[in-house]
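Sequential numbering of the sequence shown, starting at 56, is according to the numbering used here.
We put the beta carbon where it would ideally sit given N, CA and C, even for glycine.
Note that the structure is predicted; figures quoted are calculated from it, not measured.
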Amino acid sequence: MYSKTYQSRGVHPREKVTTDEKMSIIITRWAFFLLLASSVTAQRKIFNIGSYGGRPNGDITQALTNAWKDACASIVPSLIAVPKANYNMGVVLLKGPCKAPSIELHVEGVIRAPSNVAQMKGASQWVQVAYVNAFTLSGNGVFDGQGPVAWKQNDCTHNKKCNWPTMNFGFNFINNSYIMGVTSKDSKNFHVNVISCHNINFSGFKISAPEGSPNTDGIHIGRSKGVTVKNTRIGTGDDCVSIGDGNSNITVENVSCGPGHGISVGSLGRYNNEAPVVGVIIKNCTLTNTMNGVRIKTWPGTPGAIQVSNLHFEDIVMNNVSNPVIIDQEYCPWNQCNKKSPSKIRISNVSFKNIRGTSGTAEGVSLICSAGVPCQNVELNNINLTFKGAKVTAKCSHARPRITANAPAC
Ligand SMILES: *[C@@H]1O[C@H](CO)[C@@H](O)[C@H](O)[C@H]1NC(C)=O
Ligand SMILES: *[C@@H]1O[C@H](CO)[C@@H](O)[C@H](O)[C@H]1NC(C)=O
Ligand SMILES: *[C@@H]1O[C@H](CO)[C@@H](O)[C@H](O)[C@H]1NC(C)=O
Ligand SMILES: *[C@@H]1O[C@H](CO)[C@@H](O)[C@H](O)[C@H]1NC(C)=O
Ligand SMILES: *[C@@H]1O[C@H](CO)[C@@H](O)[C@H](O)[C@H]1NC(C)=O
Ligand SMILES: *[C@@H]1O[C@H](CO)[C@@H](O)[C@H](O)[C@H]1NC(C)=O
Ligand SMILES: *[C@@H]1O[C@H](CO)[C@@H](O)[C@H](O)[C@H]1NC(C)=O
Ligand SMILES: *[C@@H]1O[C@H](CO)[C@@H](O)[C@H](O)[C@H]1NC(C)=O
């Protein structure tokens, strides 16, 4: 019901990024009302954080929180503007449900989180957007998590009871929303966590953190339906995009990734209440100097026993990627599991097509499936990867891939 309303108002010209961006800039400068691009005219009310006491070089935690309250309560579509300047900001919760038929946060400024972990007050996310429909995050601004201090303190690789530091963004229980333009920089932990969302698109989003910054996954998606990540550049210290349990209809397209650990489905199977993963398309992506290319990873020796099916990886360019094509059902980082009992995750209907470029190792294709539930219906088609000028080899265990064109045999 709702999506009809916002489409007819034309508030979200979803694919017209530049038009929307230009409009936002014009309105933040000039006007209170916006003549929308569609045939229907709607008012859009502007909430500039300057009117809420937000000043350049000041702390805008309260200004943004108060602007959100008013924008959320607005009866016409609303836009919160954060003009170009530097700001500091503590933890903010941007929570719905909102009365506003749509709500946009347009950021041109550079917003910095406290570098001191204690000042994040144990929050799991620095900027959390929750229970909102038709939300847009836009602009050329930067959200700088100021992670280096937290990275030094991070001992989560060997301390199971470590305190996980704060992620830059949480998009939780939001629908029909659009994230574009802005940059997520140096998050203390994951950059973006997408949980329980429906119909969310990322486009022209940017993520940057140094290689070696711990746990700084780019975009993690969990328990969601219809998430698209497009035209996005991700350089970070951990997975670029990771797709957890309970997801369906996920598309990753024209994403360039590196440094980082690559694009991953999983890890899965660590917990026993996980939901299946069905329908993932990863296409036209480029990975450069990453540890992995495209990967499916599941834990052995754990209770998780879900179905993972219909995963398609195609038109992928690898530049010096250590493990370009990999299914790893013995994923067990830091020896936190028992490899003796095989993974119970059932993987089926997977294809790797048109994968080309250079591998950082001779074994460019590694399909290590579970001895308990071997992989079913895995297709290799046109895998053209080289290591030091020679074609890569393939290693398979409990998998019999169908080679439908040019690929290394197991
Ligand atoms: C999002 O969509 C789901 C499924 O249709 C619905 O249950 C939920 O209430 C919606 N949330 C919001 C904030 O509109
Ligand atoms: C996301 O993109 C898909 C197609 O790529 C489109 O059908 C959908 O309407 C978009 N959703 C939003 C919220 O922009
Ligand atoms: C998949 O999700 C996209 C939004 O990203 C949506 O436009 C499309 O209709 C969905 N397709 C199915 C089959 O649910
Ligand atoms: C692919 O993504 C890049 C940003 O990483 C963008 O500059 C380029 O225009 C995108 N290509 C298309 C066809 O959208
Ligand atoms: C495919 O990826 C290449 C390289 O990243 C990019 O230049 C091109 O625009 C992409 N095409 C589409 C249709 O996204
Ligand atoms: C290849 O990647 C590795 C890291 O995986 C890096 O150490 C090395 O410098 C890269 N080589 C080139 C030529 O970029
Ligand atoms: C795998 O694909 C086959 C053939 O397209 C289909 O019959 C089967 O239902 C699929 N399996 C799953 C688990 O989706
Ligand atoms: C494989 O890639 C090499 C170098 O990128 C290229 O010269 C060759 O034609 C490709 N082979 C096929 C079968 O696509």
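Going by alpha carbons, who is nearest to valine 307 out of Glu329, Gly259, Phe224, Thr291? Within the sequence shown, the letter at position 252 stands for residue 307. Here the closest residue by C-alpha is Gly259.
Pick helix, strand or coil for aspartate 478, following the three-state DSSP scheme. Residue 478 cannot be examined here, being either before or after the span of the chain that is shown, 56 to 465.
Cβ of aspartate 272 within 8 Å of Cβ of aspartate 294? Position 217 of the sequence shown, counting from 1, holds the residue named residue 272. Position 239 of the sequence shown, counting from 1, holds the residue named residue 294. A contact, by the Cβ cut-off of 8 Å.
Segment contact flag, the region 388 to 395 with the region 419 to 433, C-beta cutoff 8 Å, min 3 pairs: no
Considering just the uninterrupted stretch of the beta strand (DSSP E) at glutamine 362, what are its terminal residues? Counted from its first residue, the sequence shown places residue 362 at position 307. From DSSP, the beta strand (DSSP E) with glutamine 362 extends over 362 to 376.
Aspartate 199: buried (16+ other C-beta within 10 angstroms of its C-beta) or exposed? Indexing the sequence shown from 1 puts residue 199 at position 144. Counting Cβ neighbours within 10 Å, aspartate 199 comes out buried, since at least 16 surround it.
Run the CB neighbour count on aspartate 241, radius 10 Å, all protein chains shown included, and call it buried at 16 or more, exposed below. The residue labelled residue 241 in the question sits at position 186 within the sequence shown. Under this definition aspartate 241 is a buried residue.
Checking 8 Å against the spacing of the C-beta atoms, do leucine 54 and leucine 148 come in under that value? As displayed, the chain neither begins before 56 nor continues past 465, which places residue 54 out of reach and without an answer.
Comparing alpha-carbon positions, which option in Arg457, Ser239, Val187 lies nearest serine 251? As a first step, residue 251 must be located in the sequence shown, where it is residue number 196. Checking every option, the nearest Cα to that of serine 251 belongs to Val187.
Just to confirm the assignment, what range does the alpha helix (DSSP H) spanning threonine 116 have? Within the sequence shown, residue 116 is the residue found at index 61, counting from 1. For threonine 116, the enclosing alpha helix (DSSP H) starts and ends at 116 to 128.
Is threonine 459 buried or exposed, if buried means 16 or more other CB atoms sit within 10 Å of its CB? Walking along the sequence shown from the start, residue 459 turns up at place 404. Looking at its Cβ environment, which holds fewer than 16 other Cβ atoms inside 10 Å, threonine 459 is exposed.
How is glutamine 98 classed by DSSP in three states: helix, strand or coil? If you number the sequence shown from 1, residue 98 lands on position 43. DSSP, read as helix, strand or coil, puts glutamine 98 in coil.
Glutamine 201: first and last residue of the uninterrupted beta strand (DSSP E) it sits in: As a first step, residue 201 must be located in the sequence shown, where it is residue number 146. Element bounds for glutamine 201: n/a, residue is neither H nor E.
So if DSSP puts isoleucine 235 in a beta bridge, which residue, or which two residues, is it bridged to? Stepping through the sequence shown from its first residue, residue 235 is reached at position 180. Per the sequence shown, the amino acid found at residue 235 is methionine instead of isoleucine. Looking at the DSSP assignment, methionine 235 forms a beta bridge with Ser258.
Would you be able to state if there are at least three C-beta pairs under 8 Å between the region 348 to 357 and the region 174 to 190? no
Please report the distance separating the alpha-carbon of aspartate 114 from that of serine 319. To locate residue 114, count along the sequence shown from 1; it is residue 59. To locate residue 319, count along the sequence shown from 1; it is residue 264. Serine 319 has its alpha-carbon roughly 37 Å from the corresponding atom of aspartate 114.
Given 7 Å as the limit, tell me if valine 282 has its C-beta closer than that to any heavy atom belonging to ligand 3. Within the sequence shown, numbered from 1, the residue matching residue 282 stands at position 227. Result yes, Cβ under 7 Å from ligand 3.
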